[in-house]
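Read through the structure below, which is laid out as structure tokens, and then see the notes.
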Amino acid sequence: MGSFVRTRALTPSSKPIEHDEELRTSICCLCNGGCGIKISLDQEGKIKAVFGDSKNPYNKGKICAKPMEISQTLYGPYRVRYPMKKVNGTFERISWDEALDLIAQKYNQYITENGTGSIVGITSKIGGSYSKLAHSIFSELTGLVNYGTGPICTDSEANVRKKLFGDGSGTSPLSDVVNAKILLIVGNNVAQTKAGQFHWITEAKRTGTRVVVVDTRFTETAQAADLFIQIRPGTDTALGMALLNYVIKNNLYDPTFVAKHTNGFEKLAQDVSALTTERAAEITGVPQNVIEKLAQDLAVLKPGMLFEGRGIVCVNNAGASVWAFEGLMAILGNIGKPGSGIISHINNTGGISNLIKADDVMKPDRKRSSSALYKDMEEGDVKMLLISGNPCVTWPDSARMSKAIEGLDFVVSHTLVMDDSAVLADIILPATHWLEEAGAQASVHRVVQWKNKAVEIRGEEKSGGDFYRLLAERMGLPSSYFPDSPETAWELERKYNKNVAGISRERMLATPGGVHFPCSEVGEESVRLFAKGVFKTSSGKVELTGVSDSPLDYVDTFNAPGNIGVSREKFPYLFSTNKVASHYHTECQYSDWANEMEQPYVEMHPLTALEIGVGEGSQVRVETVAGSIVLAVKITQSVPRGFLSTQPYFGLQSPYGQAPANTLFPVAADPVGGNLVSKNIICNAKAEGGQGL
Amino acid sequence: MSQHAMLVDESRCIECKSCTVACKQENGLQTGDWWLRVWRREQLKDHLVRSYNTQSCRHCADPVCQFVCPVGAIQRGEDGIVIQDHENCLGCHVCVSACPHSGMKIMTNGKVGKCTLCSHRLERINEPACVTVCPVNSRVYGEREELLREANKRVAELRAKGMRVNLEGADKDQTAVMYLLVDM
Chain A
941 MGSFVRTRAL
951 TPSSKPIEHD
961 EELRTSICCL
971 CNGGCGIKIS
981 LDQEGKIKAV
991 FGDSKNPYNK
1001 GKICAKPMEI
1011 SQTLYGPYRV
1021 RYPMKKVNGT
1031 FERISWDEAL
1041 DLIAQKYNQY
1051 ITENGTGSIV
1061 GITSKIGGSY
1071 SKLAHSIFSE
1081 LTGLVNYGTG
1091 PICTDSEANV
1101 RKKLFGDGSG
1111 TSPLSDVVNA
1121 KILLIVGNNV
1131 AQTKAGQFHW
1141 ITEAKRTGTR
1151 VVVVDTRFTE
1161 TAQAADLFIQ
1171 IRPGTDTALG
1181 MALLNYVIKN
1191 NLYDPTFVAK
1201 HTNGFEKLAQ
1211 DVSALTTERA
1221 AEITGVPQNV
1231 IEKLAQDLAV
1241 LKPGMLFEGR
1251 GIVCVNNAGA
1261 SVWAFEGLMA
1271 ILGNIGKPGS
1281 GIISHINNTG
1291 GISNLIKADD
1301 VMKPDRKRSS
1311 SALYKDMEEG
1321 DVKMLLISGN
1331 PCVTWPDSAR
1341 MSKAIEGLDF
1351 VVSHTLVMDD
1361 SAVLADIILP
1371 ATHWLEEAGA
1381 QASVHRVVQW
1391 KNKAVEIRGE
1401 EKSGGDFYRL
1411 LAERMGLPSS
1421 YFPDSPETAW
1431 ELERKYNKNV
1441 AGISRERMLA
1451 TPGGVHFPCS
1461 EVGEESVRLF
1471 AKGVFKTSSG
1481 KVELTGVSDS
1491 PLDYVDTFNA
1501 PGNIGVSREK
1511 FPYLFSTNKV
1521 ASHYHTECQY
1531 SDWANEMEQP
1541 YVEMHPLTAL
1551 EIGVGEGSQV
1561 RVETVAGSIV
1571 LAVKITQSVP
1581 RGFLSTQPYF
1591 GLQSPYGQAP
1601 ANTLFPVAAD
1611 PVGGNLVSKN
1621 IICNAKAEGG
1631 QGL
Chain B
153 MSQHAMLVDE
163 SRCIECKSCT
173 VACKQENGLQ
183 TGDWWLRVWR
193 REQLKDHLVR
203 SYNTQSCRHC
213 ADPVCQFVCP
223 VGAIQRGEDG
233 IVIQDHENCL
243 GCHVCVSACP
253 HSGMKIMTNG
263 KVGKCTLCSH
273 RLERINEPAC
283 VTVCPVNSRV
293 YGEREELLRE
303 ANKRVAELRA
313 KGMRVNLEGA
323 DKDQTAVMYL
333 LVDM
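Here's what the structure looks like:
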């Protein structure tokens, strides 16, 4: 018998934090929910804890797990703290001066030798308002061809909405939902993706707003709704068109609004005429009476709102879906009034105009669609790439994207962490985190809120605002156009963007929750767009059929880009991605807590698991035309049979070491809206490594 | 003294697990340690039903963990909060087996850890961290009588909608943490 020694027990397992009087205020910049947060710092000036800001009227002190996780991504071992240069395959520390000189010299060389179009930016994570402005000035001066978040997230939604209403932003704030009689949520698991703001929807429901959720998965949002309509994946367009058809045929639309504020009603009626509720029931799997009851409810319960999510806007027939559902809201007259309209996480304050003198503007000498970018990178038409973000994880066919980036002559990654894209770069530059940069942040409530810098940088990090100004100086460009701080950047923005002219920093800081935009020079806020019935299209009306020259049409997801022509015998299942509350973009995976909360898994119906011969936790290889990855099985009846779904943000160069799920999506674009496809691709799945049951 | 209590309303939970992370942050828990967990349960009846089962110490009026602890490391204070003394804990885990609510958790250091109702912050902030963050008010803290009224109001509202719910810990087996559970 030996003595019982437990050495680890010598250390306590908990250490309650000490609360300080002084907390710094900021705005969470993760999901565009715009939650107010309070930051507690330790003696070293590092983040000790993150709390909700009880003075912020939009989240009222409540927060989801993500802002708390953030401190760990800020200080973890993956964080990049100083510039580096790749020498014989390994990174060596260099100074900012050396890095900037090298980038400027290469940049000018490629412009001269290969034209402006040989340099491309992929900048989904460019930073706050200061960085966005500097980047847009830089792009105008250099003719940089840039791809932001659009191709992988918002293009279809923004493009279609712009053509319908003349503005790509959501028309109404989320907070308006308390004035709505009905809220239609389509393909959007807002309970997980904007958990901190979900109380607006549950409160509205308690006070009488009917909440209807249309989704393929039985989501947390669906669970909280009055009615959940489970729909076959990729068939939302058919549902939207059938609702339009039923509403039109039964004269349930708003005739005054249609007559006064829309164009193309007759043509739209013609486009949807063949899609009866009976036919839609066959396509969508939703019973005919449920579709008809929904149409009747939408016609009676007014005002009503619509909240679409990535579930319908990142698919191969996304544009038509957005067109149908938003067209429906328009003919019901559900635009511009309190408690009506479209809620969206797209809420651009609009860009600046007329800042750069015509002589100084350089136009890109060629343009490419986001899907053509891959080929042009592979074939050498693109020489240099500026990355702020992680396209090797977030763009479809991620393995192909990585290979294409590897083949380029010169790659710069301005990044927070050493991620899958940064490791392929020639120069790595350390970027500031949103807590280390001041700026104005717009939210789903259609407000802009100002946040001061909450924490100091701990290395040589610079914001995009500083980086692009310094680069422009080195390149010999007229650098006087650039602001030199977040504060001067905002003043410039107010001067050259009339949407925010009346929104000073002082006003934002003095108004809990921020200021609604557009807000004119005289300071009048607009809570929702189009309140006066004047739309931003050239006709001033809603262009119901202005989205495309072709008619609004339902295309089966199996006959749409990415799936068309691919053997369904070989790929019998459908693969998709969805987000969970602990993660957002690729950023949160560097947090220990996020890691403890969620591991990669693929959701699978028990009957599909039985078919494949796998059990809970077994490794399964999911294969599509684009590639294959291995994931652990999570058996759940929340997804229909034959439908597989996983989280989209994990990378190989992260604590997870997980091959990115986006690598399974071939490069294909929604023909109507232009979004790259990142949901609903046909796939096969097999037990991996003899692990089957 | 006036008794305070916490209500956990399962009907409102959206499984964002913010409470779990807030608990870790507030109490400085090591990686791999938890005092509060949220588990998903789903069941197929005539349709799919799902609920989120949150587990943490319920601070019983007559705590079985206190009764079984061989070294008296668990005590219930006058304020109704059951506190486990980490220094004295042997790590025998008898309390873990005895607790009917899965409230006692085995820590990575081999000892036992549990929810303290954030007693260290109650004086200052007046509610536990999990309550402060919960975005849908699934977790509420307050004066016991007032909280009971709120809980009964919620029960009545849910029953009026045809949901089968029940309130645990309200009277007989009194606990400082009450659960509004959805019957699956």
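Chains as they are written, first to last, in the numbering used here: chain A, 941 to 1633; chain B, 153 to 336.
Glycine included, C-beta positions come from ideal geometry on N, C-alpha and C.
Predicted model only: the values in this text are computed from it and were never measured.
*Have a look at B:V246, B:V292, B:A213 and flag the residue whose alpha-carbon is nearest the alpha-carbon of B:V223.*
The candidate whose alpha carbon is nearest that of B:V223 is B:V246.
*Per DSSP, which residues does A:F1610 bridge with? Please list them.*
It should be noted that the sequence gives Asp, not Phe, for residue 1610 of chain A. When beta bridges are read from the DSSP output, A:D1610 appears opposite no residue.
_Beta-carbon proximity check, A:K988 vs A:S994, cutoff 9 angstroms_ = no
_Here's a check: name, in chain order, each residue in its chain whose Cβ is nearer than 8 angstroms to the Cβ of B:C165, leaving out the five neighbours to either side._
V190, S203, Y204, T206, V288, S290
_Run of the alpha helix (DSSP H) containing B:C217, from where it starts to where it stops_ = 216 to 220
_Taking only three categories from DSSP, how would you classify A:S966?_
strand
*Pull out every residue of the stretch 1506 to 1536 of chain A whose Cβ sits closer than 7 angstroms to any Cβ of chain B, in chain order.*
Listed by position along the chain: A1521, S1522, D1532, W1533, E1536.
*With A:P1370 as the anchor, note down where its beta strand (DSSP E) starts and where it stops.*
1367 to 1370
*asked:* I want to know whether the stretch 251 to 260 of chain B touches the stretch 1611 to 1623 of chain A - three or more CB-CB distances under 8 angstroms.
replied: These segments do not touch.
*If we ignore side chains and look at the alpha-carbon of each, how far apart do A:Q1559 and A:A1601 end up?*
So the alpha carbons of these two residues sit roughly 15 angstroms apart.
*Determine, using beta carbons only, whether A:G1486 and A:L1184 come nearer to each other than 9 angstroms.*
no
*Along chain B, which residues have their Cβ under 7 angstroms away from the Cβ of A:A1221?*
Per Cβ cutoff of 7 angstroms: no residues; A:A1221 is ~19 angstroms from chain B at best.
*So, are the CB atoms of A:N999 and A:Q1132 less than 9 angstroms apart?*
no
*Using the C-alpha atoms, what's the distance from A:T1576 back to A:T1334?*
26 angstroms
*Give the residues from the stretch 989 to 1013 of chain A that approach chain B closer than 8 angstroms (Cβ to any Cβ), ordered along the chain.*
A989, V990, F991, G992, N999, G1001, K1002, I1003, C1004, A1005, M1008, E1009
*Return the Cβ separation of A:L952 and B:H238 in integer angstroms, given the expectation that the two are a contact with Cβ distance under 8 angstroms.*
Note that residue 952 of chain A is Pro in the sequence shown, not Leu. Right, their Cβ atoms sit about 6 angstroms apart.
*In its own chain, which residues sit with a C-beta less than 8 angstroms from the C-beta of B:G232, not counting the 5 before and 5 after it?*
Closer than 8 angstroms at Cβ, skipping near neighbours: Q155, H156, A157, H211, A213, A328.
*Where A:L1592 sits in the DSSP three-state scheme*: coil
*Please report how far the alpha carbon of A:S1280 lies from the alpha carbon of B:V201, in whole angstroms.*
A:S1280 and B:V201: Cα-Cα distance of roughly 31 angstroms.
*With a cut-off of 9 angstroms, does the C-beta of B:P305 fall near any C-beta of chain A?*
Before going further, note that residue 305 of chain B is Lys rather than Pro in the sequence given. It does not: the Cβ of B:K305 has no partner Cβ on chain A nearer than 9 angstroms.
*Identify the continuous beta strand (DSSP E) that holds B:D161 and give its terminal residues.*
156 to 161
*asked:* Is there a Cβ of chain B sitting closer than 9 angstroms to that of A:Q1539, yes or no?
replied: no
*asked:* For A:L1410, tell me which candidate among A:C1093, A:V1154, A:A1039 has the shortest Cα-Cα distance.
replied: Measuring C-alpha to C-alpha distances from A:L1410 to each of A:C1093, A:V1154, A:A1039 identifies A:A1039 as the nearest.
*Taking Cβ positions, are A:E1080 and A:I1327 nearer each other than 9 angstroms?*
no
*Tell me, please, whether the CB atom of B:G314 is closer than 9 angstroms to any CB atom in chain A?*
no
_Below 8 angstroms on the Cβ atoms is my contact criterion, and I expect A:F1605 with A:P1336 to pass it. Report the Cβ-Cβ distance as a whole number of Å._
The pair is a contact, with the Cβ atoms about 4 angstroms apart (cut-off 8 angstroms).
*May I have a chain-ordered list of the beta strand (DSSP E) segments no shorter than 3 residues that lie completely inside the stretch 1553 to 1578 of chain A?*
1559 to 1563, 1568 to 1575
*Provide the residue(s) that pair with B:R316 in DSSP beta bridges, ordered along the chain.*
Partner(s): none; B:R316 has no beta bridge.
*Nearest chain E C-beta to B:I277 closer than 9 angstroms, yes or no?*
No chain E appears in this structure, whose protein chains are A and B.
*Taking the alpha-carbon positions, what's the A:F1205 to A:S1488 distance?*
Roughly 14 angstroms between the two C-alpha positions.
*Sort A:A1362, A:R1581, A:G1399 by Cα distance to A:T1526 and report the nearest one.*
Checked all of A:A1362, A:R1581, A:G1399; the closest Cα to A:T1526 is A:A1362.
_Can you confirm whether A:P1173, when its beta carbon is compared against all beta carbons of chain B, has any partner nearer than 9 angstroms?_
no
*Please list the partners that A:E1160 has in chain B, where partner means a Cβ-to-Cβ separation under 9 angstroms.*
C165, I166, E167, C168, R202, Y204
_Which residue marks the beginning of the alpha helix (DSSP H) containing A:T1056, and which one marks its end?_
From DSSP, A:T1056 is part of no alpha helix (DSSP H); its letter is neither H nor E.
_Residues bridged to A:F1247 (per DSSP)_ = A:I1125, A:I1283
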